[in-house]
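Residue numbers (our numbering), protein chains in the order written: chain R, 1 to 585; chain H, 1 to 76.
Reviewing the structure listed below.
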Amino acid sequence: MNLALILLVNQLVHLSSVDLVIIVFYFALVLAIGLYLREQANTSDDFFLAGREMTAWVAGLAFLSANLGSLELMGWAGNAYKYGILAAHWYWIGAIPAMLFLALVMMPFYHICRTHSVPGYLKLRFGESSRTLSSISFAFMTVLMSGINMYAMAVVMRVVLGWNIHFSILVSSVTVAIYVALGGLRSAIFNEVLQFFLIWAGALLIPILGLVEAGGWSGLKARILQNLTEQHIANPGAYTHLWSTLGDFGNNPMGINWVGIVFGLGAVIAMGYWTTDFLVVQRVLAAKDLRSAKLAPIIGAAFKMMVPFIVILPGLLGLALLREPNTGHLLRLVPGDVAWSNAGQAQGLHGYDEVLPLMLARYCGPGLLGLGITALIAGFMSGMAGNVSAFSTVWTYDIYGALIDKNASDESKVRMGRWCTLLGVAVSIGTAYLVMQSQSIMDYVQQLFSFFIAPLFGTVLLGMLWKRATPAGGFWGLFAGTASSVGMWAWVKVDPQAVKYVALSLGAQDQAQNMFRALWCWLICVLVTVVVSLVTKPKPDAELTGLVYGLTAIPQEERVSLLHRPVFWAVIVAIVFVILNIIFW
Amino acid sequence: MKSGGSLSIWFFIGLSMFVNGGLILGTGLFEFVHPPEHPVVLSQLHANIWWGGFLFLFGAFYCFHFAPGPRPANKN
Chain R
1 MNLALILLVN QLVHLSSVDL VIIVFYFALV LAIGLYLREQ ANTSDDFFLA
51 GREMTAWVAG LAFLSANLGS LELMGWAGNA YKYGILAAHW YWIGAIPAML
101 FLALVMMPFY HICRTHSVPG YLKLRFGESS RTLSSISFAF MTVLMSGINM
151 YAMAVVMRVV LGWNIHFSIL VSSVTVAIYV ALGGLRSAIF NEVLQFFLIW
201 AGALLIPILG LVEAGGWSGL KARILQNLTE QHIANPGAYT HLWSTLGDFG
251 NNPMGINWVG IVFGLGAVIA MGYWTTDFLV VQRVLAAKDL RSAKLAPIIG
301 AAFKMMVPFI VILPGLLGLA LLREPNTGHL LRLVPGDVAW SNAGQAQGLH
351 GYDEVLPLML ARYCGPGLLG LGITALIAGF MSGMAGNVSA FSTVWTYDIY
401 GALIDKNASD ESKVRMGRWC TLLGVAVSIG TAYLVMQSQS IMDYVQQLFS
451 FFIAPLFGTV LLGMLWKRAT PAGGFWGLFA GTASSVGMWA WVKVDPQAVK
501 YVALSLGAQD QAQNMFRALW CWLICVLVTV VVSLVTKPKP DAELTGLVYG
551 LTAIPQEERV SLLHRPVFWA VIVAIVFVIL NIIFW
Chain H
1 MKSGGSLSIW FFIGLSMFVN GGLILGTGLF EFVHPPEHPV VLSQLHANIW
51 WGGFLFLFGA FYCFHFAPGP RPANKN
């Protein structure tokens, strides 16, 4: 590709030749990994589940990295700038309890039933109708999300680097298509682990140097307080406290209270995402044995707790340190749609999501800047690879293998998987260009995706823990939960005043609305599942062996020392999690 | 890792860190001798030298430790 395609106007950072060498080396390395792993993706287990031979460390880091895309990094750094340290809830209570729950409670069932996917578990537990509903919605939404992420990232690359939007989409999607189609899940996992190291290597300097400049944590808090007071922002202290302002909706910049955070985020959305979203669960299914499968989410949780250091802290540092280079006045970031409009660009405005690249450009010279940008590109590509590999698995096993060709051979499944990877990338590109024509599609699809997660968690949880749950109960619970979520969202769209019923407060921001909507639709899913199950005929116990708590003999782990036991490390992670919440209370 | 898969994921990680660290360290040393016209904030701390050096050594260790060969350990 001719570098003349790269536009060099209006960009936030300027890359030197050494930066470009680092970026080109990354692309060469991931393609080399894909080519190298091609010979190891011959069977369906190889292609879709990486041969089920990943160690706990590899599966755990990939499990975390699948969620650590660059939009996630830049988006949550931007949210930290907008909402303050409250954004860290999405990394702590919004992740750690759910990851430990997956490891200790749910993983044994996923592992023992040898399912290839989460919809595959629903088939075994509740029958074909639940699997079909779940797999079609997941496959459809996954490729759409992949395209939306592709478009959003291309926009960011244009704003940050001045790159041509078509150039960004073409190069990244072709690279992902090649390495996933060649090496399957193993290739995706290898690149996710590589991305994990690149992200830490590229982003860790920002908080270190930022804290040096701000005068440590206490200096940072003092500067934020001073800057926000200067801008007449109400309750500026709320930007540096996790829990103490959550007693009332009006006391914090997010417009949420502790009920929404604890029950909406921690108990439903996080549990739903980390335990039933196949995009992340697929990485743990690739673990080589039960102990590794249980340890993997715990390792992921330990690192997840540290991610706020490279994501939330740069957002807070932006609040404290960013100033106009010419005037020395405070630099105030604005919403992305305002900043990236023609008027916003003419005024030189910056969006919330640009805080991480802004901080990167502040401290990182040639070389370091290239590494930071490479980390962002790697995050984007591995996020896309995760979507595409999960799509090809669910399509091949739960749609093609279940509805189209039930007797498909192993070889034809691998072939279908490779073609699906290319198809998934092609649909993603199509979605990206569709979004380019109509931005509102992006908002709708992102909302739609969230509709399925909370009810799915209700269905899977009851399926694993309550043997009386019946196939009809599972299907109608999932359907009612999803439909009620869509209904509540549409209600608020039609009548914005309805937010006082859905989110219990007229001042609830988008994140707060998502929390409460998830909570209600999960409760509806559970209620409908229970009621329908109680009036329909349950499956005989013999058919539930290996699928339900109480009817499944959990295999004894090999006799290992305390330091090798998952439960020991889960307790350590839980203790650190509690301490962190107390420190930043 | 299956037959034919003698290269560990950790070797690729090491290679990436080794090359990137080397490039950053080299740039840092060059800037130490020829200071840039428009330095970044806190450039006096020479982060590219010590951070590039750390990545270089980390990568070198991983490349050496996980280099392809008859090592029997279970390495993904």
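A virtual CB, placed ideally from N, CA and C, is assigned to each residue, including glycine.
Where residue i sits in the DSSP three-state scheme
i                      : result
residue 234 of chain R : coil
residue 328 of chain R : coil
residue 334 of chain R : strand
residue 87 of chain R  : helix
residue 351 of chain R : strand
residue 114 of chain R : coil
residue 14 of chain R  : coil
residue 277 of chain R : coil
residue 67 of chain R  : coil
residue 241 of chain R : coil
residue 582 of chain R : helix
residue 565 of chain R : coil
residue 553 of chain R : coil
residue 224 of chain R : helix
residue 204 of chain R : coil
residue 4 of chain R   : Low local confidence applies: a pLDDT of 38 at residue 4 of chain R is under 50, so the model's placement there is unreliable, with the coordinate-based value given in what follows. DSSP places residue 4 of chain R in helix when its eight states are reduced to three.
residue 254 of chain R : coil
residue 575 of chain R : helix
residue 539 of chain R : coil
residue 304 of chain R : helix
residue 393 of chain R : helix
Below-8 Å beta-carbon distance, residue i vs any chain R residue
i                      : result
residue 117 of chain H : Because chain H here runs from 1 to 76, residue 117 of chain H falls outside it and cannot be looked at.
residue 78 of chain H  : Because chain H here runs from 1 to 76, residue 78 of chain H falls outside it and cannot be looked at.
residue 52 of chain H  : yes
residue 35 of chain H  : no
residue 9 of chain H   : yes
residue 42 of chain H  : yes
residue 24 of chain H  : yes
residue 55 of chain H  : yes
residue 47 of chain H  : yes
residue 18 of chain H  : no
residue 4 of chain H   : In this prediction, residue 4 of chain H has a pLDDT of 42, which is less than 50 and means its spatial position is unreliable; nothing more can be read from the coordinates.
Residues sharing a beta bridge with residue i, DSSP
i                      : result
residue 370 of chain R : Residue 370 of chain R is not bridged to any residue.
residue 287 of chain R : R:54
residue 323 of chain R : R:330
Contact test: residue i Cβ vs the ligand MG heavy atom, cutoff 7 Å
i                      : result
residue 287 of chain R : With respect to the ligand MG, the structure shown offers nothing to examine, as it has no ligands at all.
Proximity test, Cβ basis, 8 Å: residue i and chain H
i                      : result
residue 13 of chain R  : no
residue 318 of chain R : no
residue 366 of chain R : yes
residue 80 of chain R  : no
residue 8 of chain R   : Only weak support is given to the placement of residue 8 of chain R: the predicted model assigns it a pLDDT of 39, under 50, and the value that follows is read from those uncertain coordinates. False, the Cβ-Cβ gap to chain H never drops below 8 Å.
residue 201 of chain R : yes
residue 72 of chain R  : no
residue 223 of chain R : no
residue 239 of chain R : no
residue 354 of chain R : no
residue 198 of chain R : yes
residue 36 of chain R  : yes
residue 362 of chain R : yes
residue 25 of chain R  : yes
residue 22 of chain R  : yes
residue 303 of chain R : no
Cutoff 8 Å: residue i Cβ touching any chain C Cβ
i                     : result
residue 33 of chain R : Absent here is chain C; the protein component of the structure consists of chains R and H.
TODO: Jot down the residue ranges of each uninterrupted alpha helix (DSSP H) in the stretch 14-52 of chain H, minimum 4 residues, whole runs only, in chain order.
DONE: none
Open item on the list: Below 8 Å, how does it come out for the stretch 370-381 of chain R and the stretch 68-76 of chain R: are there three or more Cβ pairs, yes or no?
Closed with: yes
Open item on the list: Any contact between the stretch 529-536 of chain R and the stretch 472-480 of chain R? By contact I mean 3 or more CB pairs, one from each, below 8 Å.
Closed with: yes
TODO: Specify whether the stretch 357-365 of chain R and the stretch 117-131 of chain R touch according to this definition: at least 3 beta carbon pairs, one from each stretch, less than 8 Å apart.
DONE: no
Task: Start-end ranges of the alpha helix (DSSP H) lying completely within the stretch 446-527 of chain R, minimum 4 residues - done: 471-494 and 499-502
TODO: Would you check if there are 3 or more beta carbon pairs closer than 8 Å linking the stretch 156-174 of chain R to the stretch 337-354 of chain R?
DONE: yes
Task: Cβ contact check for the stretch 480-500 of chain R and the stretch 450-459 of chain R: 3 or more pairs under 8 Å - done: yes
TODO: Check whether the stretch 384-395 of chain R touches the stretch 221-229 of chain R, taking contact to mean three or more Cβ pairs, one atom from each stretch, closer than 8 Å.
DONE: Not touching, per the Cβ criterion.
Open item on the list: Would the stretch 418-433 of chain R count as touching the stretch 179-198 of chain R if we require 3 or more Cβ pairs under 8 Å?
Closed with: yes
Open item on the list: Does the structure place the stretch 80-94 of chain R close enough to the stretch 312-321 of chain R that three or more beta carbon pairs sit under 8 Å?
Closed with: yes
Open item on the list: Quick check: the stretch 345-354 of chain R against the stretch 97-116 of chain R, are at least 3 beta-carbon pairs closer than 8 Å?
Closed with: No, they do not touch.
Task: the stretch 134-154 of chain R contacting the stretch 45-61 of chain R, beta-carbon criterion three pairs below 8 Å - done: no
Open item on the list: Measuring CB atoms only, is the stretch 506-522 of chain R touching the stretch 255-266 of chain R, in the sense that at least three cross pairs come out at less than 8 Å?
Closed with: yes
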